[in-house]
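A short worksheet on the structure shown next.
Protein chains: 2
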Amino acid sequence: MEDIVYKNLDQTSFFQTLQKGTVPSLKKILTEERINTCNIDAGGGLQYNYAALPVDEKIIAALQDLSDEQQLIPKYDALLMGERMNTGEDRMVLHHLTRGDFDRPVEEDGRNLRDFYMSQLEKIRTFTEKIHSGKIAGSSGKKFTDVVQIGIGGSDLGPRALYLALTGCCEQHLHAHFISNVDPDDAATILKGLPLESTLFILVSKSGTTQETLTNQQLVYHYIEEHAPGIDPSGHMIAVTSQSSPLAGSSDFLESFYIDDYIGGRYSSTSAVGGTLLSLCFGYRNFSALLEGAHQADMLARSSGITSNAALLDALIGAYLGNVLGYRVSAILPYSQALVRFPAHLQQLDMESNGKQVNRFGQPVNYHTGPVIFGEPGTNGQHSFYQLLHQGTEKILLQFIGFRTNQQNIDQQIDGFSSRQKLNANLAAQIVAFALGKQDVDPNKNFPGDRPSSLLYGEALTPQSLGALLAHFENKVMFQGFLWNINSFDQEGVQLGKVLAKQILAGTDDPLLKTYASILGL
Amino acid sequence: MEDIVYKNLDQTSFFQTLQKGTVPSLKKILTEERINTCNIDAGGGLQYNYAALPVDEKIIAALQDLSDEQQLIPKYDALLMGERMNTGEDRMVLHHLTRGDFDRPVEEDGRNLRDFYMSQLEKIRTFTEKIHSGKIAGSSGKKFTDVVQIGIGGSDLGPRALYLALTGCCEQHLHAHFISNVDPDDAATILKGLPLESTLFILVSKSGTTQETLTNQQLVYHYIEEHAPGIDPSGHMIAVTSQSSPLAGSSDFLESFYIDDYIGGRYSSTSAVGGTLLSLCFGYRNFSALLEGAHQADMLARSSGITSNAALLDALIGAYLGNVLGYRVSAILPYSQALVRFPAHLQQLDMESNGKQVNRFGQPVNYHTGPVIFGEPGTNGQHSFYQLLHQGTEKILLQFIGFRTNQQNIDQQIDGFSSRQKLNANLAAQIVAFALGKQDVDPNKNFPGDRPSSLLYGEALTPQSLGALLAHFENKVMFQGFLWNINSFDQEGVQLGKVLAKQILAGTDDPLLKTYASILGL
Chain P
1 MEDIVYKNLD QTSFFQTLQK GTVPSLKKIL TEERINTCNI DAGGGLQYNY
51 AALPVDEKII AALQDLSDEQ QLIPKYDALL MGERMNTGED RMVLHHLTRG
101 DFDRPVEEDG RNLRDFYMSQ LEKIRTFTEK IHSGKIAGSS GKKFTDVVQI
151 GIGGSDLGPR ALYLALTGCC EQHLHAHFIS NVDPDDAATI LKGLPLESTL
201 FILVSKSGTT QETLTNQQLV YHYIEEHAPG IDPSGHMIAV TSQSSPLAGS
251 SDFLESFYID DYIGGRYSST SAVGGTLLSL CFGYRNFSAL LEGAHQADML
301 ARSSGITSNA ALLDALIGAY LGNVLGYRVS AILPYSQALV RFPAHLQQLD
351 MESNGKQVNR FGQPVNYHTG PVIFGEPGTN GQHSFYQLLH QGTEKILLQF
401 IGFRTNQQNI DQQIDGFSSR QKLNANLAAQ IVAFALGKQD VDPNKNFPGD
451 RPSSLLYGEA LTPQSLGALL AHFENKVMFQ GFLWNINSFD QEGVQLGKVL
501 AKQILAGTDD PLLKTYASIL GL
Chain F
1001 MEDIVYKNLD QTSFFQTLQK GTVPSLKKIL TEERINTCNI DAGGGLQYNY
1051 AALPVDEKII AALQDLSDEQ QLIPKYDALL MGERMNTGED RMVLHHLTRG
1101 DFDRPVEEDG RNLRDFYMSQ LEKIRTFTEK IHSGKIAGSS GKKFTDVVQI
1151 GIGGSDLGPR ALYLALTGCC EQHLHAHFIS NVDPDDAATI LKGLPLESTL
1201 FILVSKSGTT QETLTNQQLV YHYIEEHAPG IDPSGHMIAV TSQSSPLAGS
1251 SDFLESFYID DYIGGRYSST SAVGGTLLSL CFGYRNFSAL LEGAHQADML
1301 ARSSGITSNA ALLDALIGAY LGNVLGYRVS AILPYSQALV RFPAHLQQLD
1351 MESNGKQVNR FGQPVNYHTG PVIFGEPGTN GQHSFYQLLH QGTEKILLQF
1401 IGFRTNQQNI DQQIDGFSSR QKLNANLAAQ IVAFALGKQD VDPNKNFPGD
1451 RPSSLLYGEA LTPQSLGALL AHFENKVMFQ GFLWNINSFD QEGVQLGKVL
1501 AKQILAGTDD PLLKTYASIL GL
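Chains as they are written, first to last, in the numbering used here: chain P, 1 to 522; chain F, 1001 to 1522.
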C-alpha cells in the first residue's frame, strides 16, 4: 500500500490547475452522444449520468489527477481496512462492513468486526421471523401489527427515509411510525392512533444517553401505563444500542440488538439501527437485498478511474463546482414520491459530515467545505422552489433521481399518457431546460441556462437500488471529506447547544441564557 | 398618497451607506436588556425578537431611511388599495383581503372584491356545517370522515402545513390526506388506506388546467369506479377554482368554491384554497380565528416605523445580511413538531416569489435577490444539519420559532423536567450558542459564534398565532420584493419546463429531449 499523505485541498497542485481552466458552456457541450456516454454504473441497477455537468475532457483529466494526488482511493481502502479515520474520536469507520466483506478482515482485540455485524443481522433475522409468525406476540397475546422507532438524528432520518421508500414495493408485515422530537406533541400525535396491544417499540440510541430518546421512552411507558394498564411495557420494547451503553442488557427490553462505536449515527441505516425496523416491516429478505445493493455501490467506489466510479466523480465534480465555481448549495430532486424524505436524510448525512471548518489535524481550512443540502420530490418541487433554480441569482447544483417504472399499480393512460410518462417527461424536460435555458425577448421570460445537474436513474426503486442510492451518497460525502482533508465522521458542532441547554435546566446564572429561557416560559 | 417611485436597491443612497458601515459583533452587543427591548408585537399573540441579529442603532437608522427611500409602506398601501402590483401579469394582489378590510373597498367593474371573498367564506361555512351535521353525506349515505386535497404547489404546501399545525390543538371533524405529485405512487399510497364511502375529495386548481391535478382527479375517478363501483364520484368531489376556469360550474362536483386571479397560488392559504379544507377538518370557527390572526399581522405591517413593524424589520435585516454581508441561505427552525411542513411552505412562498433576476420593469438586477430556504423542526434539526450551522463555512441566517406551551397533554416530568422545558431550554441554548460561540483550545471544539438568528415566539400554536405566523412571512417576502424592486407575484421561471415536457409527450424531434426521455424509459 502506498504511503498516505494528508494535505489540504489548496495545497494540491491540481487544484491550482483547475482554478485556471475555462468552464465549458452546457449549451455548447451537451449532445446526444454525451448523454449516452457520460454514464457510469452506480450499482444496484442504478446509473449515474453526468452529461449536464460543465466538465470537458481537460477538466476530467485534472480531476483524475486531483483524485490521485489526494489519494482518494487509497484513503478509502485504508478506511475499509480499519484505519482510524475518525481522528478526533480515534475510531475506525466501519459502516461498509455492515453490508459486505472486503480484502481482509478488520479485527479488534482478536475479534472479527464483520462477524460481529453479521451476528446482529442473524439475530435480527430470527427475531423478526418470530414476530411475523406470532411466536413472539404482545403481552396480551396479540400478534404485532405496528412498530414505532423511537430515535433522533441518524436513528430516525435514514430509517424513516428508507421505510417510506419501500412501503410501495415490498410486502408489508408491520406498519412503522416514528417518534423523534423531544417536543411532546410529536409523541402525542403518534401515540393516540396506535393499537397499543399490538405495537412494538424500538428504542434506538447508540450511546444510550440521548436526551430526546430517553425522555420519549419514559413518555411512552407512562402512556402505556395510563392507556393500556394491562400491558407489560418491557414485552413491547426492544433496544438498538451499543454494548457499552447503559441500556445494554437491561431487562426493560424484550430483546436488544447491538452496534458499536465504529458505526456513526448518520451512517447507521445499514446496521441494526435501520435493519431491525426494516426487517420487521418488510422481512429480512428485503433488508438483505438493500445491503446487497449498498455493497455493490461500495465495491464500484473502489475503482481509481474516476469515469468508472460514480460516487468518486460525483464528489470531485461537486467540489469543483463548490470550490472553483462558487456553488454553495445542492438540491436533491428525486422524481419519486417514495423518496419524499430521502433529501432530509442526505441533509444530515452531508451537512453533519462535512459542515466543518478545521482539517483533520484541527487547523482551520481556507476554503469552503460541505454545501447546504435541501430538496423535495418532483414534480412537487417544480411548483415550489424551481422558480429560483431557473431564474434566481443563486448558484445551485442539482442532483436529479429518477426511475423508469412505478412501485405500485394504479397508473393508467389519461389524455393519452400514463402518469409515469408525464412524470418522466417532466424530469427529462427539466434537465434540458436548466442546461440550455431559453432566450426570450421578454427578459422576464428569459432563462439563462447553464445550470448544471446530474442524474441518478434506474429501472425501479427497489430494496437493491435503494441500497445503492444510499451508499452512493455516503461514499460521495466520504470522498469529499478526503478531498477537503477534514474528518467527516465526528460532529463536535452539536455539543455546545446540548451543554448550554443542560445549564438552563440546572438553573444557570448566565443572564443571556436566563433571559431567553424566561421569554420562552422557563 | 405620495408619488411612488420604483428603483433598484443599488440605486438607493442608503444602500450605499449600509455597505460602508461596520458590523457589530453579537458577542459584544447581545445583552439581557437587548433581549428584553428588541421585541416587536407580530400579531396573533406572537412576538418578533431581533436581539441576536447584528444590527445596532446606526444600522437600524440606515434601514429606516432605506425603508422610507424605497417607500415600502406606501407600496404596501398601494397594494392593499388595488394597485396592479403583479406587473408582468397585470393583476392586483389581494390575498390580504381574504382576511380583512382596509381603508377603502377594492372594486373591479363595480364589484367589491372583499365582498366576493366574503361570499365564498360564507359558502364554506354553510357547506362545512352541512357536512359536519351529516346533512350532506356520501352517495351511499355515510357521513364523511375523511377529506383528500388534490392539488400541487400553493394548493398543497400551505394547506398541508396549516393542517398539520392545527391537528394537535383543534377538535377534528374530518381527517385530511393529500395527493399532489403526478407520480402515481403518491395517489396509490394515499388511496389504498381510504374509506371511500365516507371520503370527500377537494380538487384544487385555480386555472383548472394544472396537469398533475387533473391527472390525479382522473386517477381518483378510475380508482373509485374500480374499488367502490356503487359510489357516485361526483357526490364525493368538490372543486376550488376560479370562475373563469374550465372546471367552474361543472356538474362533476358536489359544490364549487371560487377564488380569482388576484390570489396567487402560494398566497392562497387564507382563501378558499386553504379555507375549505381547514373548515372541513376543524370547523369554520377555527379557520376564522386563523384569518383574524393573519389580519392582525397585516395591520401591524402597515406601521412605517421599522422597530414597530416585525415583518418589515425582518425583511430589511434579511436584505442587509443578504446583500451587504453575503448571507445567501436562510434556515427556518420551528421548535414545534406541529410546524413540521411549515418550512416547506415558506420554501415555496419565498423562493417562488423572490427567486428572480429581473426587476419589475424586466431589467436585469445587479444584486442577489431571494435566498434559498430550508428547515426542519428542532430539536430534530440539532441532530441533523446544525453541525454545519455551528461550524461550517457557509453564512446562514437562522429564523427560530417557539412557543411556551404544548398543543397536547401527554407531557410530564421526567428526570425533573417536562419535555416542553427540555425543548425550550434547547431553543434558548441554541440562540446563545450561535451568537456567542465558545473558544476552545481544541480547534475542532471551537465555535466561532456571531451566527445571527431571530426568534418568533408566543404562548401557544393556535389558529390565531398560526395565522399571524403565516402573514408575517407573506409580508416579509412582499417587503423584500419591494426592496429589490422585483415582482414577487408572478412565476415565469416555471414555464419552460412545462413546455418542454409537453414537447416530449407530443413526440419531439429534439435530440437532447429525446435522449433523456429515452434513458428514462419513454
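In this text, a Cβ means the ideal position worked out from N, Cα and C, and glycines have one as well.
Asked	Found
Against chain P, which members of the segment 1467-1498 of chain F pass a CB distance test of less than 9 Å?	1487, 1490, 1491, 1492, 1493, 1494, 1495, 1496, 1497, 1498
Is the shortest distance between the beta-carbon of residue 88/P and the beta-carbons of chain F less than 7 Å?	yes
Runs of 4 residues minimum, wholly inside the segment 1419-1474 of chain F: which ones carry the alpha helix (DSSP H) assignment?	1419-1436
In the DSSP assignment, find the unbroken alpha helix (DSSP H) run with residue 1511/F in it and report its ends.	1511-1519
Tell me whether residue 288/P sits in a helix, a strand or coil according to DSSP, three-state version.	helix
Give the straight-line distance between the Cα atoms of residue 87/P and residue 79/P, rounded to the nearest whole angstrom.	12 Å
Which one or two residues does DSSP pair with residue 39/P in a beta bridge?	49/P
DSSP on residue 331/P, reduced to helix/strand/coil?	strand
What is the DSSP secondary structure of residue 202/P, counted as helix, strand or coil?	strand
My assumption, with CB atoms under 8 Å, is that residue 1337/F sits in contact with residue 181/P. Please give the rounded CB distance.	5 Å
Since residue 351/P and residue 317/P are thought to touch, with beta carbons under 8 Å apart, how far apart are those beta carbons, to the nearest angstrom?	Not confirmed; about 19 Å, so no contact.
Kindly indicate if chain F contains any beta-carbon less than 7 Å away from that of residue 321/P.	no
Under a CB-based cut-off of 7 Å, is residue 1005/F close to chain P?	no
Candidates 436/P, 153/P, 56/P, 252/P: which alpha carbon is nearest residue 27/P's?	436/P
Which residues does DSSP list as the beta-bridge partners of residue 1258/F?	1241/F
Hey, is residue 394/P's beta-carbon within less than 7 Å of any beta-carbon in chain F?	yes
Between the segment 498-516 of chain P and chain F, which residues of the former have a C-beta closer than 9 Å to a C-beta of the latter?	498, 499, 500, 501, 502, 503, 504, 505, 510, 511, 512, 513, 514, 515, 516
Please list the segments of the alpha helix (DSSP H) lying wholly inside the segment 47-95 of chain P, counting only runs of 4 or more residues, in order along the chain.	57-69, 72-80
Is any beta-carbon of chain P found at less than 7 Å from that of residue 1081/F?	no
Starting from residue 1321/F and walking both ways along the alpha helix (DSSP H), at which residues does that stretch end?	Careful: residue 1321/F lies outside any alpha helix (DSSP H) and carries neither H nor E.
Please tell me whether residue 1374/F has its Cβ less than 7 Å away from any Cβ of chain P.	yes
Give me the chain P residues within the contact set of residue 1429/F, using Cβ-Cβ distance strictly less than 9 Å, ordered along the chain.	496, 497, 498, 499, 500, 501, 502, 503, 504, 513, 516, 517
With C-beta atoms as the reference, is residue 1294/F less than 7 Å away from residue 1301/F?	no
At what residues does the alpha helix (DSSP H) containing residue 224/P begin and finish?	211-227
Compute the distance between the beta-carbons of residue 1166/F and residue 1282/F, then report whether it is under 7 Å.	yes
Give, in chain order, every residue of the segment 111-135 of chain P whose Cβ lies closer than 9 Å to some Cβ of chain F.	none
Anything in the segment 19-48 of chain P with a Cβ closer than 7 Å to a Cβ of chain F? List those residues in chain order, please.	30, 32, 35, 36
Consider the Cβ of residue 176/P: report whether some Cβ of chain F lies at a distance smaller than 7 Å.	no
Residue 1419/F CB to nearest chain P CB: under 7 Å?	yes
Would you mind giving the Cβ-Cβ distance between residue 1382/F and residue 1426/F, rounded to the nearest angstrom? I have them listed as a contact below 8 Å.	7 Å
Inspect the beta-carbon positions of residue 1471/F and residue 1188/F and report whether they are closer than 7 Å.	no
In angstroms, rounded to a whole number, what distance separates the CA positions of residue 217/P and residue 190/P?	13 Å
Considering only residues of the same chain and omitting the five flanking positions on each side of residue 1146/F, which have a CB-CB separation below 8 Å?	1174, 1175, 1176, 1177, 1194, 1195, 1198, 1199, 1200
State the DSSP-derived secondary structure class of residue 1111/F, mapped to helix, strand or coil.	strand
Give the single residue among 235/P, 353/P, 202/P, 468/P whose Cα lies nearest to the Cα of residue 141/P.	235/P
Whose C-alpha, out of 1494/F, 1170/F, 1522/F, is nearest the C-alpha of residue 1280/F?	1170/F
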